[in-house]
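Engineer: Sharing a structure with you now.
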Amino acid sequence: MTVLAGIIEGVRAELAVRRAAHPEREMWELAGAAVPPLPATELLGAKGRLHVIAEVKRAGPAKGALAPIDDPGALAAEYEAGGPPR
């Protein structure tokens, strides 16, 4: 089995559990009552500044561990401040 096939199999199994716990009709009702999403395209381009959505990722399914990150919160704060990782 490939890595991708394993991921798909796991997602399908998890989806079956979620569907059993929360039927589709209930999900539609919850979605209808939810607060509307923020306008991401407007927020990302606001005030002529460049905005970036970054991810602090420790590992991936195909490559395993990517980089040691002792304090992901501190690294994310550096990303937010616009400085290079230390």
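Residue 69 in my numbering is what sits at position 69 of the sequence shown, and the numbering runs on without skipping anything. Glycine included, C-beta positions come from ideal geometry on N, C-alpha and C.
(1) From which residue to which residue does the alpha helix (DSSP H) around P72 run?
(2) Determine the extent of the alpha helix (DSSP H) in which T41 is found, giving its start and end residues.
(3) Rounded to whole angstroms, what is the Cα-Cα separation between E14 and T2?
(4) Rounded to a whole number of angstroms, what is the C-alpha to C-alpha distance between A31 and R25?
(5) From the DSSP output, in three-state form, read off L59 for me.
Structural biologist: Looking at the atomic coordinates:
(1) By one-based count along the sequence shown, residue 72 stands at place 72. Looking at the DSSP string, the run of the alpha helix (DSSP H) that includes P72 is 72 to 81.
(2) For the purposes of this step, residue 41 is taken as the residue at position 41 of the sequence shown. First-last of the alpha helix (DSSP H) with T41: 40 to 44.
(3) The count along the sequence shown starts at 1 and reaches residue 14 at position 14. The count along the sequence shown starts at 1 and reaches residue 2 at position 2. Distance between the alpha carbons of E14 and T2: 18 angstroms.
(4) Here residue 31 refers to the residue found at position 31 when the sequence shown is read from its first residue. Here residue 25 refers to the residue found at position 25 when the sequence shown is read from its first residue. Taking the straight line from one Cα to the other gives about 10 angstroms.
(5) As a first step, residue 59 must be located in the sequence shown, where it is residue number 59. The residue asked about is misnamed: residue 59 is Ala in this sequence, not Leu. The answer is strand: DSSP assigns A59 an E or B state.
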